[in-house]
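Peer 1: Heads up, the sequence shown is in this note's numbering, so the first residue is 257 and it goes up one at a time. From the three backbone atoms N, C-alpha and C, an ideal C-beta is built for every residue, glycine too.
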Amino acid sequence: MSTSPDQSKPESEWGRAEGVRFRSMAATTGLVALVTLRELARRRGALALATLLPLTFYLVRLETHWTAIRLLSIGLGWATATLALFTQVSSRSVDRRLAVSGARPASLLLGRYLAVLGLGWILGLLYSGLVLATIGDELTHPSAVPVMLLLTAAVATPLGSLAAALVPRDLEGALLLLSVMAVQVLVDPSEGWTRVLPLWSTRELASVVVENLGSETADYLRRGLEHGVAMTVLLTAASWAVGVLRLRTVRLPAPAPAGPAYS
Numbered sequence: 257m258s259t260s261p262d263q264s265k266p267e268s269e270w271g272r273a274e275g276v277r278f279r280s281m282a283a284t285t286g287l288v289a290l291v292t293l294r295e296l297a298r299r300r301g302a303l304a305l306a307t308l309l310p311l312t313f314y315l316v317r318l319e320t321h322w323t324a325i326r327l328l329s330i331g332l333g334w335a336t337a338t339l340a341l342f343t344q345v346s347s348r349s350v351d352r353r354l355a356v357s358g359a360r361p362a363s364l365l366l367g368r369y370l371a372v373l374g375l376g377w378i379l380g381l382l383y384s385g386l387v388l389a390t391i392g393d394e395l396t397h398p399s400a401v402p403v404m405l406l407l408t409a410a411v412a413t414p415l416g417s418l419a420a421a422l423v424p425r426d427l428e429g430a431l432l433l434l435s436v437m438a439v440q441v442l443v444d445p446s447e448g449w450t451r452v453l454p455l456w457s458t459r460e461l462a463s464v465v466v467e468n469l470g471s472e473t474a475d476y477l478r479r480g481l482e483h484g485v486a487m488t489v490l491l492t493a494a495s496w497a498v499g500v501l502r503l504r505t506v507r508l509p510a511p512a513p514a515g516p517a518y519s
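#1: Looking only at its own chain, which residues have a Cβ that is under 6 Å from the Cβ of V401, when we skip the five neighbours before and after it?
#2: Which residue wins for smallest C-alpha separation from D426, given the options A297, V288, L290 and A302?
#3: With 16 as the cutoff for other CB atoms within 10 Å, does W334 come out buried or exposed?
#4: Please list the segments of the alpha helix (DSSP H) lying wholly inside the stretch 355-416, counting only runs of 4 or more residues, in order along the chain.
#5: Quick one, which of L339, P414 and T285 has its alpha-carbon nearest G367's?
#6: The alpha helix (DSSP H) spanning D426 covers which residue range?
#7: Once the 5 residues before and after W322 are set aside, which same chain residues still bring their CB inside 8 Å of it?
#8: Could you check if L405 is buried or exposed, using at least 16 other CB atoms within 10 Å of its CB as the buried criterion?
#9: Output the distance between the C-alpha atoms of R317 and V372, rounded to the nearest integer angstrom.
#10: With a cut-off of 8 Å, do at least 3 Cβ pairs link the stretch 406-422 to the stretch 337-347?
#11: Could you tell me if W456 is buried or exposed, where buried requires 16 or more neighbouring beta carbons within 10 angstroms of its beta carbon?
#12: For the alpha helix (DSSP H) containing L327, name the first residue and the last one.
#13: By Cβ distance below 8 Å, which residues in the same chain neighbour R360 in space, the five residues on each side in sequence not counted?
#14: Check for me: the alpha helix (DSSP H) holding E460 runs from which residue to which?
#15: Quick one: residues in its chain with C-beta nearer than 7 Å to the C-beta of S519, no 5 flanking neighbours on either side, listed in chain order?
#16: Hey, how far is the Cα of Y476 from the Cα of E460?
#17: Taking the beta carbon of G376 as the centre, do at least 16 other beta carbons fall within 10 Å, making it buried, or is it exposed?
#18: Quick one: what does DSSP say E447 is sitting in, helix, strand or coil?
#19: Does R294 pass the burial test, meaning 16 or more other C-beta atoms within 10 Å, or should it be called exposed?
#20: Could you check which residue in T458, T396, W449 and L490 has the C-alpha nearest to that of G470?
#21: Compare the Cα-Cα distances from L311 to each of A486, L381, V443 and V436 and report the closest residue.
#22: Provide the residue span of the alpha helix (DSSP H) that contains L308, from first to last.
#23: Note down the Cα distance separating A355 from M437, rounded to an integer number of angstroms.
#24: Cα separation between M487 and F313?
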């Protein structure tokens, strides 16, 4: 049975409309990501301090490989989360105006998320090269270094976005993130409750990188990857929900028609 022209025409128009909507959303997302990177590039001082902090931690404890790797990954997590925090806080008023003017909140959030995540991954790859060039021969599994740092950046990006949604200003957010990272460094990861910490996976993967775990290597790697992926999904969903709720537009009801001036 052939489809009549009258039935196929609405379907083709709907398909074209969906294609136009998808291209518009992709263009908006890409533009927001580009603008976000330019905004971060203008804040050279904050960007330099945030990106050099992991390097400082690493170089100070370079003689102790286990501590140096841990501090490098935690420092990268703090730097990435802080950049996400600064991005979200500084763009609040702009995003509200864009949402009111018709921009989709999903495009705004996704664009800024991808910009910070991409920057965090670039830093992770650069630091991975540094680690492999300096102490790579002394590590048990040097190939796990990029995995650890990239996963750390992936977890830290939505963590910073969520912190921006919970605090009013970037100073309070930076202190909140610093507190989380300090607890992450100081606690004993073998305790069960520490699994609620966002970067618990970093400790597991750091053990794979540095220690000779023998038959337990696969278990440490699996636990680290599972926890990191689960925490990334959870934090992304939470920050996404809060962001969409914050950028939602309230449609006011149309005013009732005015009645006659005289009865």
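Peer 2: In short:
#1: S384, V387 and V465
#2: A302
#3: buried
#4: 361-391
#5: T285
#6: D426 to L442
#7: A462, V466 and E467
#8: buried
#9: 27 Å
#10: yes
#11: With 16 or more Cβ atoms within 10 Å of its Cβ, W456 is classed as buried.
#12: That run of the alpha helix (DSSP H) goes H321 to S346.
#13: M281 and T284
#14: W456 to V466 is the span of the alpha helix (DSSP H), which, as asked, contains E460.
#15: Interpretation of S519 is limited by its pLDDT of 49, a score under 50 that renders its predicted location unreliable; no figure is taken from the coordinates.
#16: For the pair Y476 and E460, the Cα-to-Cα distance works out to about 6 Å.
#17: With 16 or more other Cβ atoms within 10 Å, it is buried.
#18: coil
#19: By the 10 Å Cβ count, R294 comes out exposed.
#20: T396
#21: Ranking A486, L381, V443 and V436 by Cα distance to L311 puts L381 first.
#22: R300 to V316
#23: 33 Å
#24: Taking the CA atoms as reference points, M487 sits about 24 Å from F313.
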